[in-house]
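Residue numbers for the first sequence follow the working numbering, so the first one is 14 and each next one is one higher.
Even glycine gets a Cβ: it sits at the ideal position worked out from N, Cα and C.
Source: prediction; values computed, not measured.
Worksheet: one structure, shown below.
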Amino acid sequence: MDYKVRTRVKQIVVDEAVPVGTDVTVLGLARTVRRSKEVAFIMVNDGSCMQDVQGVIDNPDNYPELEKILTGAAVRMKGTLVESQGKGQKFEIAVQSLDLIGEADATYPLQKKRHSFEFLREIAHLRPRTNTFGAVNRMRSRLAYAIHKYYQERGFFYIHTPIITASDCEGAGELFRVTTLDLDNIPRVDGKINWDEDFFASEAFLTVSGQLEGELLATALGDIYTFGPTFRAENSNTARHASEFWMIEPEMAWAELDDDMDLAEDFLKYLFRYALEECGDDMAFFGKWIDKELIGTLESVVASDFERITYTKAIELLEKSGQKFEYPVQWGVDLQTEHERYLTEKTFKKPVIVYDYPLDIKAFYMRVNDDWKTVRAMDVLVPRVGEIIGGSQREERLDVLQEHMKRKGITDYEPYSWYFDIRRWGSMPHAGFGLGFDRVVMYITGMANIRDVLPFPRVPRWAKF
RNA sequence: UCCCGCGUAGCUCAGUCGGUAGAGCAGCUGACUGUUAAUCAGCGGGCCGCUGGUUCGAGUCCAGCCGCGGGAGCCA
14 MDYKVRTRVK
24 QIVVDEAVPV
34 GTDVTVLGLA
44 RTVRRSKEVA
54 FIMVNDGSCM
64 QDVQGVIDNP
74 DNYPELEKIL
84 TGAAVRMKGT
94 LVESQGKGQK
104 FEIAVQSLDL
114 IGEADATYPL
124 QKKRHSFEFL
134 REIAHLRPRT
144 NTFGAVNRMR
154 SRLAYAIHKY
164 YQERGFFYIH
174 TPIITASDCE
184 GAGELFRVTT
194 LDLDNIPRVD
204 GKINWDEDFF
214 ASEAFLTVSG
224 QLEGELLATA
234 LGDIYTFGPT
244 FRAENSNTAR
254 HASEFWMIEP
264 EMAWAELDDD
274 MDLAEDFLKY
284 LFRYALEECG
294 DDMAFFGKWI
304 DKELIGTLES
314 VVASDFERIT
324 YTKAIELLEK
334 SGQKFEYPVQ
344 WGVDLQTEHE
354 RYLTEKTFKK
364 PVIVYDYPLD
374 IKAFYMRVND
384 DWKTVRAMDV
394 LVPRVGEIIG
404 GSQREERLDV
414 LQEHMKRKGI
424 TDYEPYSWYF
434 DIRRWGSMPH
444 AGFGLGFDRV
454 VMYITGMANI
464 RDVLPFPRVP
474 RWAKF
């Protein structure tokens, strides 16, 4: 049996690259079968695109296996491509043969009806076969490609930072531990765990960020980016947090905060434009079924400039807004979700970049401003999703870095020796940020829950499939 | 981790004042139709999350537990 002869549904209905009259073989899953005495219709989807292709069977009585082709069955359909007599599709296939390859009986959980996203999460092994999750997974692939395209075309090098890390000083949340020790029989010395006996002869964790290593590579290669999985063991139970997620972290040598913000804005707009221009049929689906305002929102964001305001200005605006917030606004406290949403959804109605945050609420590696009150940090906030990018200009001055760390109570410099070394020799200004890939996919598709943009999400109490 | 809500048929849900379990979809049977998640008629389908309590009687009220969802914090 030759499976290579098949024609993808996308070539027929999206690209319209198959001439009428061509004999085609379509391999895919039956979505619905409508049968009567004189004629039967079968919708087949092969995952290559959103749309199904319709097969028309003029003499259903000659196809006894048709009775066994229920929703979800894998079928091979051969026939001639013709212009459709009916409404709703341009082309259809006049079926000459139809074979049942893999049966799906009535217990198949995906029926031709709307299922709740909550139910579909429980059958994550099957949900890619639905319209919504087929579209989401196609979008993830297309956007991942767009990310590489964007950076490669601009001279950034794709680098691979370690997923296993020995330093728990990455400073971005709780870490998952990696060990080969026998947990029922942990070796101890003086009552403490003897990490010398563990696989790496030290404690080891899953990375929460590739940034620190990214900085090292940037000082050598110029502009770099990472794109890989990231792990946070936070007990976060929200629609926008996952324990395992994908992050893009560009890092530019010879760059300051303005350059960082320029890159962030240009990069996001590029991805939005790419989705609108290159993923039309899937985006049309999201615009119709997930969020009616989606396309318009993305188009207006691409056309407009992101608002850029200092943290201090943001606090002023929130104080003057007259809005009652659950968490009172005050210079020095971090912006709460309600504050971020007010800025993006009410004040500006578009993405907002807030920069120059108070030194006390940001990480030690961010470049200190001369007043020693603020650091060169920036967050990109978007309506609905919230923080989508967090970044900063890095502290390149060794003495200032160490003074900053001292003020933050970090006194053990030993784990940071290599981080200090690139400031000790040939230090230069550099900046970068982290973009949550899954949050971008949420924003672009309109999907409201991060568990529905990851094929197999990992969140507290859930690591199935 | 905290606050709130929910858990009933394969799925989506209703279930009044505490009185012996209901609809739509899917499936099955049949009819009909160039149909579009087709339509029409009929049929089958239940550990009401678990444990305990109140009561003559609990899907319904109470407590605990488990699970899920929404919001918050942490953050991308």
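Asked	Found
Only counting runs of 4 or more residues, tell me where the alpha helix (DSSP H) segments fall wholly within the stretch 299–333, in order along the chain.	307–316 and 324–333
Is the separation between the beta-carbon of Thr45 and that of Met63 shorter than 8 Å?	no
With DSSP collapsed to three states, give me the class of Gln67.	strand
Using C-beta distances below 6 Å, list every residue in its chain close to Val27, excluding the 5 sequence neighbours before and after it, in chain order.	Cys62 and Asp294
In or out: Arg190 buried (at least 16 other Cβ within 10 Å) or exposed?	exposed
Please name the residue or residues paired with Ile55 in a DSSP beta bridge.	Val46 and Gly68
Just how far apart, CA to CA, sit Arg19 and Phe104?	17 Å
Can you tell me which of the three DSSP states Pro263 falls into?	strand
Give me the Cα-Cα distance between Leu230 and Ile423, rounded to the nearest whole angstrom.	25 Å
Have a look at the DSSP bridge pairing and note the partners of Cys257.	Rather than Cys, the amino acid found at residue 257 in this sequence is Glu. According to DSSP, Glu257 bridges with Phe244.
Apply the 10 Å Cβ neighbour rule to Thr239 and answer buried if 16 or more other Cβ atoms are within range, or exposed otherwise.	buried
Whole angstroms are fine: how far does the CA of Tyr432 sit from the CA of Glu312?	41 Å
From the DSSP output, read off the bridge partner residues of Ala444.	Met265 and Gln406
Going by C-alpha to C-alpha distance, which of Gly41, Val95, Ser215 and Leu284 sits closest to Glu29?	Val95
Between the alpha carbons of Val395 and Thr174, how many angstroms are there, rounded?	28 Å
Per DSSP, which residues does Leu219 bridge with? Please list them.	Ile177
Mind reading off the beta-carbon distance from Ile114 to Ala137? Whole number of angstroms is fine, and I expect it under 8 Å.	Not really, about 24 Å apart at Cβ, beyond 8 Å.
How about the stretch 300–320 and the stretch 358–366: do they share at least three Cβ pairs that are nearer than 8 Å?	yes
For Asp209, which residues does DSSP report across the bridge?	Asp209 pairs with nothing; no bridge assigned.
Could you work out which residue in Asp271, Gly459 and Asp59 is closest to Trp302 when comparing CA atoms only?	Gly459
Going by DSSP in three states, Tyr16 sits in which element: helix, strand or coil?	helix
Start and end of the alpha helix (DSSP H) containing Lys23?	Val22 to Val26
Along the alpha helix (DSSP H) that carries Ala86, what are the first and last residues, could you check?	That residue, Ala86, is in no alpha helix (DSSP H); it is neither H nor E in DSSP.
Give the straight-line distance between the Cα atoms of Gly241 and Asn75, rounded to the nearest whole angstrom.	53 Å
Less than 6 Å between C-beta atoms, sequence neighbours within five positions excluded: which residues of the same chain meet that for Gln24?	Ala30 and Val31
Look at the alpha carbon of Asp36 and the alpha carbon of Gly92, and state the distance between them as a whole number of angstroms.	6 Å
Does the distance from the C-beta atom of Phe361 to that of Val314 stay below 8 Å?	no
Please check the pair Phe469 and Ile402, which I expect to be a contact at CB under 8 Å, by giving their CB distance rounded to whole angstroms.	Not a contact, Cβ separation roughly 25 Å.
Write down the C-beta distance between Val398 and Arg452 rounded to the nearest angstrom, noting that I regard them as a contact closer than 8 Å.	5 Å
Excluding the five sequence neighbours on either side, which residues of its own chain have a C-beta within less than 6 Å of the C-beta of Gln349, listed in chain order?	Tyr340
Between the C-alpha atoms of Pro73 and Leu40, what's the straight-line distance to the nearest angstrom?	20 Å
Kindly provide the ranges of any alpha helix (DSSP H) runs that are 4 or more residues long and lie completely inside the stretch 112–192, ordered along the chain.	130–135 and 144–166
Look at the alpha carbon of Asp272 and the alpha carbon of Ala255, and state the distance between them as a whole number of angstroms.	29 Å
Alpha carbon to alpha carbon, how far is His352 from Glu332? Give it in angstroms, no decimals.	10 Å
Would you mind sorting Phe478 into buried or exposed? The rule is 16 or more other CB atoms within 10 Å of its CB.	exposed
Looking at the structure shown, is Asp203 part of a helix, part of a strand, or coil, going by DSSP?	coil
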